[in-house]
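Colleague: There's a structure below that I have some questions on.
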Amino acid sequence: MTPKNLLVTGGAGFIGRNMIRGLLDDGHTVTSVDNFKIGGRRHIPGDLRDHVEWLEGDTRDLPLLTELMKGRDAVVHLAAPSSFLMYEEDPVDGASVTVHGFLNVLETMRRADVGKLVYASTSAVYEGNPVPYSETMGLRPPDLKALSKKWNEEVARQYAERYGLVALGLRPFSVYGHDEFSKGGYANVISLFAWAVLNGVTPVVWGDGSQTRDFIYVEDAGRAFRTALEADLPTHEFNVGTGIETSFNDILAMIGEEVGSLLEREYVDVPIAIYAQRLWADVDRASRVLGFRHEIDVREGVRRVVAAARRAQESGQWPALKDAQMYFESLPAS
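Residue numbering for the sequence shown follows the UniProt record's numbering, beginning at 1 and increasing consecutively.
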């Protein structure tokens, strides 16, 4: 493995932090540009603070990216709102960051002759298709987040065809993990349930709890990006999942086992108009072509989330987290 001089956008985010730790272990030099909108600098782990150049900035700033792109070997692009809810709150800003920022990345790469991009798309592009979701499916994105990410994929392919740039797009499924505190109410449902339970708050479940997600642990997701960075492949899109679907009711049962009690729960109507009942990845292409498979199963992942939540509880982080699952109550009616 040849060490690379990398630019990572959105590196202070949930996936970014975990990915960067692995990149440093692999010997790469990392500069991260992030707007620190979600969580802020305080969520950068201590073991990463002094080993990465952390810059505050916006991917819509073309002069900034032009300067940062000089001398880079490759780019990992993660900078965009990560939650559907963020686009519901501010559609203009959400789409602007996702579309304008991505085009700036590609154009400054072209001008600086940086040939490799690994970027985050989303599994939401598949919604409306039958499960399991395969990369060969036709796509009709149902919402602004998914549409913006699908546009990213299309323009990445255009730059690949016109300018020879290699762009590997990863479509993460339901990413969760131990250090999701920076996301607050935008966090994965596993974290939201664990935070509620450990504070004596009844978990709130949308619908009847039978909905499923393909839950992939954040360390595995970060490893998928590192694998794509090292892969000698032409432009492709890949699912980042486990190939296994798990219901919300099953997640609550696992959390109950970890805390040693049967959990009460409150079922409510789904409060948003666009909502997937099932998310499930076909991981054949990722396994066969990219050489990526998950290592942490959901039961072990839930154990780690609960353990991390207990540690956070002991450190006094809870006032901003225990009611995070009720974030949706602040949304406008569907």
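Quick reminder that beta carbons are idealized off the backbone N, C-alpha and C, glycines included.
Within its chain, find whatever has a CB closer than 8 Å to the CB of Arg299; leave out the 5 residues flanking it on each side and keep chain order.
Modeller: These residues qualify, in order along the chain: Met254.
Colleague: Hey, quick one: how far does the beta strand (DSSP E) through Val97 stretch, first residue to last?
Modeller: Counting along the chain, Val97 falls outside any beta strand (DSSP E), though it belongs to the alpha helix (DSSP H) covering 91 to 112.
Colleague: Going by DSSP, what residue range makes up the beta strand (DSSP E) through Asn5?
Modeller: Here the beta strand (DSSP E) through Asn5 covers 5 to 9.
Colleague: Curious, which full-length beta strand (DSSP E) runs of at least 3 residues does the region 232 to 309 contain?
Modeller: Segments of the beta strand (DSSP E) lying fully in the region 232 to 309: 236 to 240, 266 to 268.
Colleague: Considering only the beta carbon of each residue, do Ser174 and Asp143 sit closer than 8 Å?
Modeller: Cβ atoms of Ser174 and Asp143: not closer than 8 Å.
Colleague: Check whether the Cβ atoms of Arg171 and Glu237 sit closer than 8 Å, and answer yes or no.
Modeller: In contact: Arg171 and Glu237 (Cβ atoms closer than 8 Å).
Colleague: What ranges does the beta strand (DSSP E) occupy inside the region 5 to 59, keeping only unbroken runs of at least 3 residues that lie completely in it?
Modeller: Counting only runs of 3 or more, we get 5 to 9, 29 to 34, 53 to 56.
Colleague: Leaving aside the five residues before and after Thr246 along the sequence, list all residues of the same chain whose C-beta is less than 7 Å from its C-beta, in chain order.
Modeller: Taken in chain order, the residues that qualify are Thr212, Arg213, Phe215, Val298.
Colleague: What are the boundary residues of the alpha helix (DSSP H) that includes Lys145?
Modeller: Here the alpha helix (DSSP H) through Lys145 covers 144 to 163.
Colleague: Cβ atoms of His100 and Arg157: under 8 Å apart, would you say?
Modeller: For Arg157 and His100, no; Cβs fall outside 8 Å.
Colleague: Quick test of the definition: if touching needs 3 or more C-beta pairs under 8 Å, does the region 276 to 296 touch the region 214 to 231?
Modeller: Verdict: yes, contact present.
Colleague: For residue 351, count neighbouring Cβ atoms within 10 angstroms of its own Cβ and tell me buried if that reaches 16, exposed if not.
Modeller: For the chain, the structure presents residues 1 to 334; residue 351 sits outside this window and is missing.
Colleague: Helix, strand or coil: how does DSSP classify Ala333 here?
Modeller: Bear in mind that a pLDDT of 47 at Ala333, under 50, signals an unreliable position, so the number given afterwards is only what the model happens to contain. Here Ala333 sits in coil by DSSP.
Colleague: Hey, out of Gly301, Val201, Gly10, Glu257, whose CA is closest to Ala80's CA?
Modeller: Cα-wise, what sits closest to Ala80 is Gly10.
Colleague: What does the Cβ neighbour count give for Met326, buried or exposed, with the cut at 16 atoms within 10 Å?
Modeller: Per the 10 Å Cβ criterion, exposed.
Colleague: Measure the alpha-carbon distance for Pro130 versus Asn239 and round it to whole angstroms.
Modeller: Rounded to the nearest angstrom, the two C-alpha atoms are 15 Å apart.
Colleague: Among the candidates His28, Thr66, Ile38, whose CA atom is the shortest distance from the CA of His51?
Modeller: For the residues His28, Thr66, Ile38, the minimum Cα distance to His51 belongs to His28.
Colleague: Looking only at its chain, what residues have a beta carbon closer than 7 Å to the beta carbon of residue 335, apart from the 5 residues adjacent to it on each side?
Modeller: Absent from the structure is residue 335, since the part of the chain shown begins at 1 and ends at 334.
Colleague: Would a C-beta distance cut-off of 8 Å place Phe102 and His77 closer than the cut-off?
Modeller: Their beta carbons are under 8 Å apart, which means Phe102 touches His77 by this criterion.
Colleague: Under DSSP, the beta strand (DSSP E) around residue 405 begins and ends at which residues?
Modeller: This structure does not reach residue 405, given that the chain is present from 1 up to 334, and the question cannot be answered.
Colleague: When you compare only the Cα positions, how much space is there between Val218 and Gly16?
Modeller: Looking at the two C-alpha atoms, the distance is approximately 9 Å.
Colleague: Excluding sequence positions up to five away, which residues of its chain have a Cβ less than 6 Å from the Cβ of Val205?
Modeller: Once the five neighbours on either side are set aside, the close Cβ partners of Val205 are Phe248, Arg265, Tyr267.
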